[in-house]
Amino acid sequence: MIHIPGGEFLMGSEEKAARTDERPQHKVKVSPFWLDATEVTNAEFQQFVEATHYVTTAEKTPTQEEILAQLPPGTSPPPAETLVPGALVFDTPKQPGQYWWKWVAGA
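The numbering used here applies: residue 1176 is where the sequence shown begins, and numbers increase by one.
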């Protein structure tokens, strides 16, 4: 495995040409983590889950506090009914200006 050091960076932009969903620019902290040097197969991941009883983020119910901690200050809390296990899934926009990712419960 390869160790990836943590750090901080500025996400977003204050430029006039920036999209509204890129503002405000804010500091993001990434914790250090480990990454396999090669891909992990589904079978290898299944063995890991069975051996460690690991539960993926997508299987856990998020809390409002966890979500808000990842967003810029002043962001409105997400509706309670959206706090279900799931994941962001890539979704090719049908029209310009639409989001590229959508939340999918159970994903």
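Beta carbons are placed, not taken as given, at the ideal position from N, Cα and C, and that holds for glycine.
Status (buried if at least 16 other CB within 10 Å, exposed otherwise) for residue i
i            : result
residue 1261 : buried
Beta-carbon proximity of residue i to residue j, cut-off 9 Å
i            : j            : result
residue 1176 : residue 1226 : no
residue 1208 : residue 1179 : yes
Residue of the options minimising C-alpha distance to residue i
i            : options                : result
residue 1200 : 1248, 1207, 1282       : 1248
residue 1183 : 1197, 1202, 1240       : 1202
residue 1281 : 1274, 1257, 1275, 1266 : 1257
residue 1263 : 1279, 1216, 1217       : 1279
residue 1238 : 1252, 1229, 1230       : 1252
residue 1259 : 1242, 1216, 1181, 1250 : 1242
residue 1236 : 1218, 1250, 1255       : 1255
Backbone CA spacing between residue i and residue j [nearest angstrom]
i            : j            : result
residue 1269 : residue 1205 : 32 Å
residue 1188 : residue 1246 : 15 Å
residue 1186 : residue 1193 : 12 Å
residue 1267 : residue 1224 : 31 Å
residue 1191 : residue 1232 : 35 Å
residue 1210 : residue 1195 : 33 Å
residue 1198 : residue 1214 : 34 Å
residue 1229 : residue 1222 : 10 Å
residue 1271 : residue 1265 : 15 Å
residue 1277 : residue 1216 : 25 Å
residue 1244 : residue 1273 : 24 Å
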